[in-house]
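This report concerns only the one structure given below.
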Amino acid sequence: MDAQEFREFGKAAVDFVADYLENIRDHDVLPSVEPGYLLDLLPKQMPETPETWSEVLKDINRVIKPGITHWQSPNMHAYYPTSVSYPSIVGEMLASGFSIMGFSWICSPACTELEVVVMDWLAKFLNLPEHFLHENEGPGGGVIQGSASEAVLVAVLAAREQAVRRLRLSHPELSESEIRGKLIAYSSDQSNSCIEKAGVLAAMPIKLLPAGADLVLRGDALKQAIEQDVAAGLIPVICIASLGTTGTCAYDDIESLASICEKNQVWLHVDAAYAGGAFALEECSELRRGLDRVDSLNFNLHKFMLVNFDCAAMWLRDANKVIDSFNVDRIYLKHKHEGQTQIPDFRHWQIPLGRRFRALKVWITFRTLGAEGLRAHIRKHITLAKQFEDLVKADERFELIAPRALGLVCFRAKGDNEITSQLLQRLMERKKIYMVKAEHCGQLFLRFAVCGMDPKPSDIDFAWTEIQTQLTSVCAEQQVNARKAGELSELTHHLSGLHVTNETLQR
Ligand code: PLP
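If you want it as structure tokens, here you go:
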């Protein structure tokens, strides 16, 4: 493909994307395809001779689009939002155009330095403690990882390596493998699956401590676990708290966890993958309590900040702890400016060597929306979730399972779990809206997250009408089934009576 054809294809692709996003409400949020649909439609081998881009674009409409779950639809209410905006898409396109590698400053100075700039902008926007800023004198700073999962894994691995080094000095009688075999980490039983996975990948068990009835993990649960484990000869390494759990967006008590971590030389990491966006709002300042005492935290711009996947911000109070733990060098990676604090070589802050120019889409998004636009976006999600919460409260057939938190409402149909389960099944079959279920204390519930690129109050009304209508038909069906079951048992009773009479007659 030459530059001229690229211009044509690129412009057609931009039109395609704009049309798609502008008309996203025309599609059911869930696709109507069966497993294997695409495998049957596509040839088993790549074409031997080149095809034209217009043929490919036609096939995107014909075979790819029907198999898309429309995450940018305002009728998407599953998981948490995965954000996008036009500026961010353009940023991604430009980054692809440059196609650079940013693992060290010299590989592309703009990539590293822009990341330093936007991570400081973001830290200030979110009102994070100053020690997380690159511009601050200390060893702290921020980096963009691919996902919250990677950020958590980086924290877990760094905490592990720091603990091993510390213990080798304080307990020379223990071998390294003896130390590694005793390490233990903690999180809440409400935390995201990626935290347990980080433990698996780091070969360090992560104990999932019971959160309170309000789904919050507090220092007393951590204290008790640490005391038990230390008595059993284990070595506590890291606690991963959540600000905004995946199930109900509960906020762990960072202050009380920090007190226990500080006493026990335990690294405290905060996973604020979704809720971190709310740190920017004065009315949510409570959420930031205790952040000045944590060692690291992560927040997904691709959830709440109109920057598309992948873009997970991570801040470290002392980046040297990660750099020391991960520093594996080769002569070909060295350059004459390395080691200068203003220009980190981000390869030491992450798992892969190569790194994308993610800061570009962040910078473009921040500049074209401004702090004002970003705050308005987060507030819009909260307002729409409040609208939904009020609708749930006004219908006595439903109940809330937890207080609304930011853009998430957790609710269920009153009565046994079967009703909520059937309701979800119907909604999934109809494909008009998409939610996922979760469970708390044996109660099944539905998570309604405000998502999509540009959700509006009318979209919330649409979802609610769909939910109400489907619950009405689930209940009607249950009544019909109950009546049928009653009639059947009456008939059986009657027949058994007849049977006795027959026997009596025969006798
Ligand atoms: N942490 C929380 C609280 C989440 O809700 C999620 C995903 O929704 C994750 C972590 C994982 O995020 P990622 O897909 O960026 O790894």
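At position 410 of the sequence shown (counting the first as 1) the number is 524 in the numbering used here, and the numbers step up by one without a gap. Glycine residues also receive a C-beta, built at the ideal position from the N, C-alpha and C atoms. Note that this is a predicted model, so its numbers are computed, not measured.
- Set against 6 Å, the gap from the CB of Ser263 to the closest heavy atom of the ligand PLP is smaller.
- Bounds of the beta strand (DSSP E) holding Met428 are 426-430.
- Comparing alpha-carbon positions, the option among Arg274, Glu503, Ala519 lying closest to Asp328 turns out to be Ala519.
- Under a 10 Å Cβ-count criterion, Asp573 is classified as buried, with 16 or more other Cβ atoms of the shown protein chains found around its own Cβ.
- Only residues of its own chain outside the window of five on either side were considered, and among them Cys308 have a CB closer than 6 Å to the CB of Ser263, listed in chain order.
- Straight through space, the alpha carbons of Lys546 and Thr479 are spaced by roughly 30 Å.
- When DSSP reads this structure, Ser301 sits in a beta bridge with Leu322, Ile354.
- Between Ile138 and Phe471, the C-beta spacing is not below 7 Å.
- Residue pairing from DSSP places His383 in a beta bridge opposite Ile354, Ser410.
- Ranked by Cα distance from Asp303, the options Ala527, Arg294, Gln592, Lys321 are led by Lys321.
- Of all C-beta pairs linking the segment 418-438 to the segment 250-262, three or more are shorter than 8 Å, placing the two stretches in contact.
- In the three-state scheme derived from DSSP, where H, G and I count as helix and E and B as strand, Gly566 is classed as coil.
- Residue range 262-284 is occupied by the alpha helix (DSSP H) that includes Ala272.
- Here the alpha carbons of Lys238 and Tyr548 stand approximately 35 Å from one another.
- DSSP places Phe559 within a strand segment (E or B) once states are collapsed to three.
- Under the Cβ criterion (8 Å, minimum of three pairs), the segment 350-366 counts as touching the segment 295-302.
- In this structure, the CA atom of Ala325 is about 20 Å from the CA atom of Gly390.
- Taking C-beta separations shorter than 6 Å and ignoring five residues to either side along the sequence, the partners of Lys475 in its chain run Ser202, Gly205, Glu206, Val421, following chain order.
- Here the alpha carbons of His383 and Ala269 stand approximately 7 Å from one another.
- Taking Pro223 as reference, the option from Gln456, Gly600, Phe525 with the minimal CA-CA separation is Gln456.
- Apart from the 5 residues on each side of it in sequence, Lys494 has no Cβ closer than 7 Å to any other Cβ in its chain.
- Taking 7 Å as the cut-off, the Cβ atoms of Leu336 and Leu371 count as close.
- Between Pro145 and Pro188, the gap from beta carbon to beta carbon reaches 7 Å or more.
- Straight across, the Cα-Cα distance linking Leu242 with Arg403 is about 10 Å.
- Around the C-beta of Ile515, 16 or more other C-beta atoms lie within 10 Å, and the residue is accordingly described as buried.
- Shortest gap from the CB of Asn306 to any heavy atom of the ligand PLP: under 6 Å.
- Under the Cβ criterion (8 Å, minimum of three pairs), the segment 163-173 does not count as touching the segment 393-409.
- Collapsing the DSSP output to three states places Ile138 in a helix.
- The alpha helix (DSSP H) runs lying completely inside the segment 150-227 and spanning 4 residues or more are 151-155, 167-173, 200-212, given in chain order.
- Under the three-state reduction of DSSP output, Ala317 falls in the coil class, being neither helix nor strand.
- Within the same chain, Ala386, Gly390, Ala427 come within 6 Å of Phe413 by CB-CB distance, once the 5 residues on both sides are set aside.
- The three-state secondary structure of Val231, taken from DSSP, is helix.
- At least one heavy atom of the ligand PLP lies less than 6 Å from the C-beta of Thr360.
- The three-state secondary structure of Lys551, taken from DSSP, is strand.
- Following the DSSP letters along the chain, one finds Gln259 in no alpha helix (DSSP H) but inside the beta strand (DSSP E) bounded by residues 255-259.
- Looking at the DSSP output, Arg461 sits in no beta bridge, so it has no partner there.
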